[in-house]
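A short write-up of the structure that comes next.
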Amino acid sequence: MRRSQLYVPGNNEKMIRKSTELDADSIVIDLEDSVPMDQKDKGREIVKRMVKELDWGKRELALRINSIHTAEGLKDLSILKDLDKVKLLVIPKAEEDMSFIYNALGIATEPIIETARGLLRIEEIATSKGVEAITWGPADMALSVGGNANAYKDNQFIRTTVVITAKAYGLDPIDAVYFDLNDLKGFEEDCNKAKALGFVGKQLIHPSQIKIANDIFSPSIDEIEKAKKIVQAYEEAQKAGRGAIRFEGQLVDYVHYATAKRLLQQIGEKP
Ligand code: COA
Ligand code: MG
Numbered sequence: 021m022r023r024s025q026l027y028v029p030g031n032n033e034k035m036i037r038k039s040t041e042l043d044a045d046s047i048v049i050d051l052e053d054s055v056p057m058d059q060k061d062k063g064r065e066i067v068k069r070m071v072k073e074l075d076w077g078k079r080e081l082a083l084r085i086n087s088i089h090t091a092e093g094l095k096d097l098s099i100l101k102d103l104d105k106v107k108l109l110v111i112p113k114a115e116e117d118m119s120f121i122y123n124a125l126g127i128a129t130e131p132i133i134e135t136a137r138g139l140l141r142i143e144e145i146a147t148s149k150g151v152e153a154i155t156w157g158p159a160d161m162a163l164s165v166g167g168n169a170n171a172y173k174d175n176q177f178i179r180t181t182v183v184i185t186a187k188a189y190g191l192d193p194i195d196a197v198y199f200d201l202n203d204l205k206g207f208e209e210d211c212n213k214a215k216a217l218g219f220v221g222k223q224l225i226h227p228s229q230i231k232i233a234n235d236i237f238s239p240s241i242d243e244i245e246k247a248k249k250i251v252q253a254y255e256e257a258q259k260a261g262r263g264a265i266r267f268e269g270q271l272v273d274y275v276h277y278a279t280a281k282r283l284l285q286q287i288g289e290k291p
């Protein structure tokens with residue numbers, strides 16, 4: 021599960037250490053925008069040491085590298101050969117097929133769609149070898165088109181495009197970071213909107229966001245109960261030769277049945 025992906029600045033030993041006590045599903049150590057240019061080498065040294073030293077438990081350990089079109093990005097890739105605890109590479113400003121990363125390193129990738137060209141080529145990016153998840157970035161997208169980050173932060177066109185592309189190719193769609201650290205209510209609403217569109221998780225920047233994301237992107241008891249009832253009612257109807265039924269005043273046909281079954285499978289319940 022990737023309900024919560026917490027970014028941690030790669031040059032901050034204290035926060036990296038702290039992240040191993042937090043309940044995020046994925047920890048994304050960042051070597052890109054949270055690390056100043058003159059600290060990139062230091063960041064790589066810290067990452068090399070701490071990835072090895074710390075116990076990451078069940079958390080998925082991920083690394084966000086610099087753009088693969090920069091010298092820093094290539095240096096980031098070079099430290100990975102003996103960091104086998106890193107299971108996922110988050111690739112910023114993805115704009116083309118990135119199979120070469122998986123071919124060279126055997127590590128899964130999660131591209132960030134955050135430029136105009138990246139959005140136009142999202143399908144080519146999503147179908148690269150090794151891609152497991154896909155996310156997007158409103159602030160860089162706004163920068164790339166000369167727009168305003170506020171206008172892009174809940175852009176429904178980009179969000180829907182990311183979800184639909186991910187689902188078409190069996191990837192995890194992860195929603196973008198929510199920047200207002202003081203507005204947990206707004207963060208919660210943003211998670212709910214993302215979940216309703218089909219996102220399976222959210223990128224995070226602060227520990228206070230973890231529990232909210234984990235709760236929202238886990239199915240609720242009500243959702244599980246309803247799914248069980250739908251599966252049961254639909255299977256009985258099927259035996260009676262019907263493919264569409266009235267369930268609690270709503271139409272239920274095959275797609276609703278399949279959705280309910282998938283939810284039960286995800287949580288390990290036998291439908
Ligand atoms: N990962 C791990 N620990 C974190 C953390 C993070 N992303 N953000 C905060 N913490 C820790 C702090 O170290 C502090 O720990 P302590 O109580 O043991 O001292 C605690 O959580 C509370 O932190 P707080 O004082 O509220 O944070 P701050 O105001 O110092 O920092 C940010 C705020 C935004 C600078 C910080 O959360 C951060 O750097 N986030 C990640 C940014 C990032 O990676 N951006 C790139 C992707 S967009
Ligand atoms: Mg970005």
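In the numbering used here, each residue carries its 1-based index in the sequence shown increased by 20.
C-beta: ideal position from N, C-alpha, C; glycine also.
- For Glu115, the CB contacts under 7 Å within the same chain, skipping 5 residues up- and downstream, are Thr135, Arg137, Gly138 and Arg141 in chain order.
- Considering only Ile99, Thr90, Glu152 and His226, the residue with the shortest C-alpha distance to Ser119 is Glu152.
- Among the bridge pairs identified by DSSP, Thr129 is matched with Leu109 and Val151.
- Taking 9 Å as the cut-off, the beta carbon of Thr40 is found no closer than this to the beta carbon of Leu83.
- Straight-line measurement puts the Cα of Ala264 at about 57 Å from the Cα of Gly63.
- In this structure, the CA atom of Gln59 is about 19 Å from the CA atom of Val110.
- Counting C-beta atoms within 10 angstroms of its own C-beta, Lys105 has fewer than 16 neighbours from the protein chains shown and is therefore classed as exposed.
- The Cβ atoms of Ile244 and Pro193 do not sit closer than 9 Å to each other.
- Using a cutoff of 8 Å, the CB of Leu97 does not count as near the ligand COA, since none of the ligand's heavy atoms is closer than that.
- Proximity of the stretch 169-177 to the stretch 142-150 falls short of the contact definition, fewer than three beta-carbon pairs being nearer than 8 Å.
- The Cβ-Cβ distance between Phe219 and Val182 falls below 9 Å.
- For the ligand COA, the residues with a Cβ under 5 Å from any of its heavy atoms are, in chain order, Tyr27, Val28, Pro29, Met35, Lys38, Ser39, Asp50, Ser54, Val197, Ile225, His226 and Pro227.
- Counting the other CB atoms within 10 Å of its CB gives Asn170 a total below 16, which places it among the exposed residues.
- Beyond the five residues adjoining it in sequence on each side, Met70 comes within less than 6 Å, by CB distance, of Ile36 in the same chain, given in chain order.
- Put simply, of Phe237, Leu191, Leu224 and Pro227 the residue whose alpha carbon is nearest the alpha carbon of Lys213 is Phe237.
- Ser24 is positioned such that its CB atom lies no closer than 9 Å to that of Lys215.
- Secondary structure in the stretch 130-202: the alpha helix (DSSP H) runs of 4 residues or longer, each lying completely within the stretch, are 136-140, 142-146, 158-165, 169-172 and 176-188 in chain order.
- Under the 10 Å beta carbon count, Val165 is surrounded by fewer than 16 other beta carbons and is classified as exposed.
- When distances are taken from the beta-carbon of Ala159 to the heavy atoms of the ligand MG, the shortest one is below 8 Å.
- Counting only unbroken stretches of 4 or more residues, the alpha helix (DSSP H) elements lying wholly within the stretch 35-103 are 60-73 and 91-98, in sequence order.
- Leu81 is positioned such that its CB atom lies no closer than 9 Å to that of Ile88.
- Bounds of the beta strand (DSSP E) holding Phe267 are Ile265 to Phe267.
- Set against 8 Å, the gap from the CB of Ile132 to the closest heavy atom of the ligand MG is smaller.
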